[in-house]
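**Student:** Numbering of the sequence shown is given in the working numbering, commencing with residue 4 and proceeding in unit increments.
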Amino acid sequence: MKMNGAQILWECLVREGVDVVFGITGGAIMPVYHELPKFPIRHVTVRHEQAAAHAADGYARATGKVGVCMSTSGPGATNLVTGIATAQMDSSPIVAFTGQVPSAVLGTDAFQETDITGITMPITKHNYLITDVRDLAPAIREAFHIASTGRPGPVLIDITKDVQMAEIEFEYPKEINLPGYKPHTKGNIRQIRQAAQMINEAQRPLFVAGQGVLISGAERELRALAEKAQIPVVTSLLGKSAIPESHPLCLGMGGMHGEAFVNHALQEADLLVGVGARFDDRLTSTAETFAPKAKIIHIDIDPAEIGKRIPVDLPIVGDAGNVLRALIPLVKRASHKEWLAQIDEWRQDTYARDILLRETDEFIPQYVIRNIWEATEGQAIMVTDVGQNQMWEAQYYLHERPRGLITSGGLGTMGFALPAAVGVAVGRPGEPVWVVAGDGGFQMTLQELATVVQERLPLKIAILNNGYLGMVRQWQELFFEKNYSGTPILGPDFAKLAEAYGIPGITVEEKAQVPEAIKQALETEGPILLDFRIEREHNVFPIVPVGQPIDKMIRRPIDS
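1) If you pair each beta-carbon of the stretch 386-394 with each one of the stretch 302-309, do three or more pairs fall below 8 Å?
2) Check whether the Cβ atoms of Ser244 and Leu217 sit closer than 8 Å, and answer yes or no.
3) In this structure, does DSSP put Val166 in helix, strand or coil?
4) What whole-angstrom Cβ distance do Leu472 and Thr448 have, given they're in contact under 8 Å?
5) Alpha carbon to alpha carbon, how far is Ala56 from Gln91? Give it in angstroms, no decimals.
6) Can Ala229 and Ile246 be called in contact, C-beta distance under 8 Å?
7) Measure the C-alpha to C-alpha separation of Arg328 and Val236 and round it to an integer number of angstroms.
8) Would DSSP call Leu525 helix, strand or coil?
9) Starting from Tyr399, trace the alpha helix (DSSP H) in both directions and tell me its first and last residue.
10) How many angstroms separate the CA atom of Ser151 from the CA atom of Ala397?
11) So, do the stretch 509-522 and the stretch 362-374 have three or more beta carbon pairs nearer to each other than 8 Å?
12) Answer with buried or exposed for Ala146, where buried requires no fewer than 16 other C-beta atoms within 10 angstroms of its C-beta.
13) Does any heavy atom of the ligand FAD sit closer than 7 Å to the C-beta of Leu225?
14) I'd like the span of the alpha helix (DSSP H) that includes Tyr370, first residue to last.
15) Roughly how many whole angstroms lie between the Cα atoms of Gly70 and Ala63?
16) Looking only at DSSP bridge pairs, what is Glu480 linked to?
17) Would you list, in sequence order, the uninterrupted beta strand (DSSP E) runs of no fewer than 3 residues that lie entirely inside the stretch 85-164?
18) Taking its Cβ as the centre, do 16 or more other Cβ atoms sit within 10 Å of Ser563, making it buried, or is it exposed?
19) How is Asn325 classed by DSSP in three states: helix, strand or coil?
20) Can you have a look at Val278 and say buried or exposed, based on whether 16 or more other CB atoms are within 10 angstroms of its CB?
21) On the premise that Val334 lies in contact with Ile202, defined as a C-beta separation below 8 Å, what is that separation, rounded to the nearest angstrom?
22) Less than 8 Å between the C-beta atoms of Leu452 and Ala501, yes or no?
23) Roughly how many whole angstroms lie between the Cα atoms of Val17 and Pro43?
24) Suppose you measure from the CA of Ala263 to the CA of Gln382; what does that come to, to the nearest Å?
25) Do the CB positions of Pro186 and Gly153 come within less than 8 Å of each other?
26) Is it true that the CB of Asn325 sits closer than 8 Å to the CB of Met168?
27) DSSP on Glu512, reduced to helix/strand/coil?
28) Take the Cβ of Tyr354 as the centre, count every other Cβ of all protein chains shown within 10 Å, and call the residue buried at 16 or more, exposed below.
29) What is the rounded straight-line gap between the Cα of Glu538 and the Cα of Thr510?
30) If the criterion is Cβ atoms closer than 8 Å, does the pair Ala465 and Leu533 meet it?
31) Taking Ala126 and Ile87 to be in contact with their CB atoms under 8 Å, please state how far apart those CB atoms are, rounded to whole angstroms.
32) For Ile506, which of Leu481, Trp478 and Leu460 has the nearest alpha-carbon?
33) Report the CB separation of Gly310 from Leu286 in whole angstroms; it is logged as a contact under 8 Å.
34) Going by DSSP, name the residue or residues bridged to Leu532.
35) Give, in chain order, every unbroken run of the beta strand (DSSP E) that is at least 3 residues long and sits entirely within the stretch 244-314.
36) Within a Cβ cutoff of 7 Å, which residues of the same chain sit near Pro176, ignoring the five residues on either side of it in sequence?
Pasting the structure below:
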């Protein structure tokens, strides 16, 4: 059957199982959009291309499928860049399609021409410039394979306008020929046996679970191994929900804003087993001071991550699920009673702090997050922005379900939450989805409220509003002589803004109003926005100052 390039694109997406695309049309991608009505694919028109990439990213993280976004050339393509970089840093499988000026004028600085493949080379797993229609279908087939296998990541396909209109006899590629691309997924059995021996001999072992556990779908294997050997589990920020956070062996998040008892455990452990975690600087602080008493086993599908920051005693390159399944029969049952008792003793100040959380009269953000957790019973999909709001959510919302937290980790992209939640809600219809954002980050992408209404997405939006770029202000308070340069920010009346878009809005100005506002949000069928006017200069604690070991924290005043 003869098809033009635009039809080939949509036909390939259908065959790849794509059911939704996030994007904005424009001149250089117009032929593609012209053919869209002929194909059974939903198109979500966002209000800014960055939001299209974040929505595709959120969709991918929530579903485990490849997310797809699309834009025109020039500024449309460059607006995708932040979202693509976010996906790259957090191993999220997306495929981005961009229109490009006709082949005949490439390199002439034609109207809205930009070398988007050159721009995105460092922030994609792979990218393509298609100037011959015969190359289009094979490139799409390869792109989905590359994005979703091994360590997932973004792939970009830039398609010149003449290719979109050129006709050929279409044949869907049956095979993928990528001889240089062979992800190692099984793990070396000799190294796995050695890892089992090290685990069996350890007295104070810990698992460090990262997002690789969730990407692999290895939550059951992690839990089974932890329970068999009674090994506590620390998570990275993106590893949260790899094990239910109510589980007695789940310690929660470690690192810069991890709980004090978690960081003490990391520093006192004699063995760390990293599973799908990068050991990045937010978790470890300085590499030289991290886990000084521990031998380290690092399990990761990406060999480039092993030993990149932290020297390891035993590397295992492989998929987290495959390696954990191989470990389970080799690891002996154990109790580690003394180790667990020591961690529980360190943990008591956290229990005491939770009591004080309810007793204070201050309108503090932690109280908001804990009330959302209680009201949703830990079952909501929480999509957070970046900054203080992100850390408060990570500390006070206990996730009970896999893929329950979706946030920008490695790149730390403000403005991520709302558009990513659009993708989550589209990918997981009928599921409770909450947005948690600060007033600063929310204003970076608030135009996507229009997308929420247009697509009838029942998002519950909680803004922790303190009138500052809060995390930067906190650093200025603690480390820069309280010089609040550039951090006070003015915002709109968010409740009225929501109402202008057709979304109910509630302004919450007192702590006593919080439970009722959250109850009303849950009873509202469609979207709703809650503007929580929290204490303006409230801080995230604990915090590890830059360059300090992770157990040298600035603690909460109520912990001292």
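Cβ atoms here follow ideal geometry from the backbone N, Cα and C, with glycine treated the same way.
**Tutor:** Straight from the coordinates:
1) No contact exists between the stretch 386-394 and the stretch 302-309.
2) Yes.
3) For Val166, the secondary structure class from DSSP, reduced to helix, strand or coil, is helix.
4) The Cβ separation is near 15 Å, so there is no contact.
5) Approximately 11 Å between the Cα atoms of the pair.
6) Taking 8 Å as the Cβ cut-off, Ala229 and Ile246 qualify as a contacting pair.
7) Roughly 17 Å between the two C-alpha positions.
8) Correct three-state label for Leu525: helix.
9) Start and end: Gln391 to Tyr399.
10) Spanning the two alpha carbons is a distance of roughly 27 Å.
11) Note that the stretch 509-522 touches the stretch 362-374; at least 3 beta-carbon pairs, one per stretch, sit closer than 8 Å.
12) Under this definition Ala146 is a buried residue.
13) For the structure depicted, the ligand FAD is absent and the ligand set is empty, with no information on it obtainable.
14) Start and end: Pro368 to Thr379.
15) One C-alpha to the other measures close to 5 Å.
16) None; Glu480 has no bridge partner.
17) Those beta strand (DSSP E) runs which fall completely within the stretch 85-164 and span 3+ residues are 97-103, 129-133 and 158-163.
18) With a pLDDT of 41 at Ser563, under the threshold of 50, the predicted position of this residue should be treated as unreliable, though the coordinate-derived value follows. Here Ser563 is exposed: its Cβ has fewer than 16 other Cβ atoms, across all protein chains shown, within 10 Å.
19) Annotated three-state conformation of Asn325 is helix, per DSSP.
20) By the 10 Å Cβ count, Val278 comes out buried.
21) Cβ-Cβ separation between Ile202 and Val334: approximately 5 Å, consistent with a contact (criterion under 8 Å).
22) Yes, the pair counts as a contact, with Cβ atoms nearer than the cut-off.
23) If you take the alpha carbons of Val17 and Pro43, they lie about 7 Å apart.
24) If you take the alpha carbons of Ala263 and Gln382, they lie about 26 Å apart.
25) Contact check for Pro186 against Gly153 passes: the beta carbons are separated by less than 8 Å.
26) In this structure, the beta-carbon distance from Met168 to Asn325 does not fall below 8 Å.
27) The three-state reading of DSSP puts Glu512 in coil, since its state is none of H, G, I, E or B.
28) With a threshold of 16 other beta carbon atoms within 10 Å, Tyr354 falls short and is exposed.
29) Approximately 14 Å between the Cα atoms of the pair.
30) Taking 8 Å as the Cβ cut-off, Ala465 and Leu533 qualify as a contacting pair.
31) Here the sequence assigns Ile to residue 126, which means Ala is not the residue at that position. A Cβ-Cβ separation of about 5 Å places Ile126 in contact with Ile87 under the 8 Å criterion.
32) Here the closest residue by C-alpha is Leu460.
33) No, Gly310 and Leu286 are not in contact; Cβ-Cβ is about 15 Å, not under 8 Å.
34) The partner list for Leu532 (beta bridge, DSSP) reads Ile464 and Gly508.
35) Here the runs fully enclosed are 253-256, 274-278 and 298-303.
36) Excluding sequence neighbours, Pro176 sits near Ala140, Pro141 and Arg144.
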